[in-house]
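Colleague: Top line first, the protein sequences correspond to chains A and B. Residue numbering for the first sequence follows UniProt numbering, starting at 1 and increasing by one per position. Residue numbering for the second sequence follows UniProt numbering, starting at 1 and increasing by one per position. From the three backbone atoms N, C-alpha and C, an ideal C-beta is built for every residue, glycine too.
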Amino acid sequence: MDRIADMGGTRGWGLTHPPRIDEPVFEERWQGRAFALGILAIPVAGWNVDAFRHATERLDRTAYLDDGYYGRWLNSAELMLTESAILAPDAIDARARNLRGEHVEEPPTPEPARPGYAPAAEGSLRTVDAAPAFAAGERVRARDMSPPGHTRLPAYARGHTGVVELVQPAEVLPDTNAHFLGENPQYVYSVRFDSRELWGAGAEPFAVTVDLFESYLEKIA
Amino acid sequence: MTSDGSAERLSPALRTEALEQLLTERGLVDPDAMDRLITRYETNVGPLNGAKVVARAWTDPAYRRRLLDDGTAAIAELGFGGPQGECIVVVENTATTHNVVVCTLCSCYPWPVLGLPPSWYKDPAYRARIVREPRTVLSEMGLELPGDVQIIVRDSTSEVRWLVLPERPAGTEGLTEEQLVPLVTRDAMVGVAKVEAP
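#1: Can you check whether the C-beta of E159 (chain B) is within less than 9 Å of a C-beta belonging to chain A?
#2: To the nearest angstrom, report how far apart R139 (chain A) and T151 (chain A) are at their CA atoms.
#3: When DSSP labels each residue in this structure, what does W162 (chain B) get in the three-state scheme?
#4: Buried or exposed for residue 240 (chain A), going by 16 or more other Cβ atoms inside 10 Å?
#5: Between the Cα of L74 (chain A) and the Cα atoms of B:D123, B:L14, B:V53, B:W111, which residue gives the shortest distance?
#6: Does any C-beta atom of chain B lie closer than 9 Å to the C-beta of H179 (chain A)?
#7: Going along the chain, which residues of its own chain have a beta-carbon closer than 7 Å to the beta-carbon of W30 (chain A), five neighbours each way excluded?
#8: Quick one: measure Cβ to Cβ for T97 (chain B) and V149 (chain B), integer angstroms, because I've assumed they're closer than 8 Å.
#9: Pull up the distance between the alpha-carbon of L175 (chain B) and that of S190 (chain A), whole angstroms please.
#10: Please list the segments of the alpha helix (DSSP H) lying wholly inside the region 13-53 of chain A, counting only runs of 4 or more residues, in order along the chain.
#11: Please state whether DSSP places A161 (chain A) in a helix, a strand or coil.
#12: Identify which residue in A:A34, A:G32, A:A207 has its Cα closest to the Cα of V101 (chain B).
#13: Is W199 (chain A) near the ligand SAH, with its Cβ less than 8 Å from a heavy atom?
#14: Answer with yes or no whether the minimum CB distance from G46 (chain B) to chain A is below 9 Å.
#15: Since I believe S84 (chain A) is in contact with G46 (chain A) (beta carbons under 8 Å), could you give me their beta-carbon distance rounded to a whole number of angstroms?
#16: Among residues of its own chain, excluding the 5 on either side of V181 (chain B), which ones have a beta-carbon nearer than 7 Å to its beta-carbon?
#17: So what does DSSP say about Y156 (chain A), is it helix, strand or coil?
#18: Give the DSSP bridge partners of Y187 (chain A), in chain order.
#19: Given this structure, state the Cα-to-Cα distance separating A76 (chain B) from D60 (chain B), to the nearest angstrom.
#20: As a quick exercise: from A:L166, A:A201, A:M80, A:D129, pick the residue whose alpha carbon is nearest that of A55 (chain A).
#21: Tell me which residues share the same chain as P19 (chain A) and place their Cβ nearer than 7 Å to its Cβ, disregarding the 5 neighbours each side in the sequence.
#22: Between the C-alpha atoms of E106 (chain A) and A188 (chain B), what's the straight-line distance to the nearest angstrom?
#23: So A62 (chain B) packs on W13 (chain A), CB below 8 Å; how close in whole Å?
#24: If contact means a Cβ-Cβ distance below 8 Å, which residues of the region 33-52 of chain A contact chain B?
#25: On the three-state DSSP scale, how would you describe R154 (chain B)?
#26: Determine the DSSP secondary structure at K194 (chain B), reduced to helix, strand or coil.
#27: Once you ignore the five residues that flank G71 (chain A) on each side, which residues in its own chain have a CB closer than 6 Å to its CB?
#28: Taking W120 (chain B) as the query, report the chain A residues whose CB atoms sit under 9 Å from its CB, ordered along the chain.
#29: What are the residues in the region 108-138 of chain A lying within 7 Å of chain B by C-beta distance?
#30: Return the Cβ separation of A154 (chain A) and D60 (chain A) in integer angstroms, given the expectation that the two are a contact with Cβ distance under 8 Å.
#31: Using the rule of at least 16 other Cβ atoms within 10 Å of the residue's Cβ for burial, across every protein chain shown, is L212 (chain A) buried or exposed?
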């Protein structure tokens with residue numbers, strides 16, 4: 001899905017922020033609460049981590065950026081909990097207004113609509129019977145595709161050719177798991193791309209490895 | 001975000017408090033479980049874990065080989081594992097090769113060995129630019145690499161998590177594993193800094 005979250009190579013962000021010594025894990029109290037709520041609310045909604053990441057990707061620019069990383073956790077949790085009808089739309093804002101002394105009517109609690117998803121096992125790693133389709137050292141091309149739903153194929157790698165550096169264990173495929181359409185576990189390949197392949201002849205010389213699911217890749221004829 | 005189209009945005013602190021109330025009053029989330037999670041990442045799980053892994057690898061050649069061969073298993077030997085650490089791959093920085101880690105799509109990070117990511121790692125400028133102009137970005141962050149050093153950026157786009165084994169600094173040959181641990185920084189284990197001798 002081509003949204004703001006897919007940031008690799010995009011322009012206009014300005015300078016990086018140099019590391020600070022002794023930066024607290026949570027600079028403000030709410031950030032830790034938002035983090036914990038996000039994690040603990042995933043099973044409440046009956047969702048999985050891929051679906052949660054897809055919720056983050058669907059946030060608008062303001063909800064994605066303005067309150068930083070833990071703002072994303074908060075806003076993703078809200079989207080997840082309203083889509084699974086654990087919370088009514090506007091329930092959080094109504095409660096927040098009442099917390100600060102307003103008197104607004106809160107929406108009634110809806111009937112939950114969990115997706116009926118159950119993982120085949122804990123975590124994301126799976127074993128598959130088939131052998132990996134690609135081998136270390138093999139040249140492969142990342143498919144030039146832009147699926148409408150969730151994917152972990154970053155836009156900057158699409159259509160480009162690289163070399164398999166490492167064959168990783170099979171993992172649940174986020175593209176289907178995020179939509180509760182099955183785990184479809186696949187091998188993951190750490191594919192090394194030359195910077196000039198990605199960014200043109202004038203690029204700094206370096207390499208990038210991207211961890212790509214088997215169905216993101218095609219053989220080079 | 002506003003629900004009624006007005007310009008006012010409620011603060012994230014207030015909205016977080018509202019969400020916590022809504023979920024805890026219905027018994028859907030246990031406030032004690034929240035506290036345990038927060039304490040886990042504020043005090044128990046952080047870059048000290050990764051520093052112990054690195055110091056062991058610097059002083060025990062057999063451990064170093066196991067770590068580079070199967071990071072997850074070697075890290076588990078020291079008791080570290082859990083969420084965001086199902087498959088940890090360790091790559092070694094040397095005088096000629098420099099690895100640096102990013103997640104361009106969100107902010108994936110090896111929690112069991114480094115804890116939660118620092119602000120610079122989650123910053124759009126880092127996520128966008130490190131895969132396009134890493135030498136410039138590293139320089140901006142205070143790390144100047146010689147021109148002949150090969151840079152390899154590791155974009156964490158699956159559940160694989162990357163940990164950098166930094167180069168052991170010259171002048172530390174006489175130090176023990178325990179003395180090396182406090183020298184190893186989070187930033188060196190992500191690849192935006194080198195470990196300095198004391």
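Modeller: Taking the coordinates as given:
#1: For E159 (chain B), the answer is yes, since a Cβ of chain A falls inside 9 Å of its Cβ.
#2: 22 Å
#3: DSSP places W162 (chain B) in the strand class (E or B) of the three-state scheme.
#4: Because chain A is modelled from 1 through 221, residue 240 (chain A) falls outside the range shown and cannot be assessed.
#5: B:L14
#6: False, the Cβ-Cβ gap to chain B never drops below 9 Å.
#7: none
#8: 7 Å
#9: Distance between the alpha carbons of L175 (chain B) and S190 (chain A) is about 35 Å.
#10: 29-45
#11: The sequence as given places Thr at residue 161 (chain A); Ala does not occur at that position. Looking at T161 (chain A) - three-state DSSP - the assignment turns out to be strand.
#12: With distances taken between Cα atoms, V101 (chain B) lies closest to A:A207.
#13: Looking at this structure, you won't find the ligand SAH or any other ligand, since it has none at all.
#14: yes
#15: 6 Å
#16: A51, K52, A55
#17: In the structure shown, Y156 (chain A) falls within a helical segment according to DSSP collapsed to helix, strand and coil.
#18: Answer is A:A170.
#19: 16 Å
#20: Selected option, being the one with the closest Cα: A:M80.
#21: none
#22: 49 Å
#23: Wrong, their Cβ atoms sit about 43 Å apart, outside the cutoff.
#24: R33, A34, F35, A36, L37, I39, L40, A41, V44
#25: strand
#26: coil
#27: none
#28: T16, H17, P18, P19, R20, E23
#29: Identification of residues in the region 108-138 of chain A having a C-beta nearer than 7 Å to some C-beta of chain B yields G123, S124, L125, given in sequence order.
#30: Here residue 154 (chain A) is Pro; the residue named in the question, Ala, does not match the sequence. Actually they are not in contact, since the Cβ atoms of P154 (chain A) and D60 (chain A) sit about 20 Å apart, beyond 8 Å.
#31: buried
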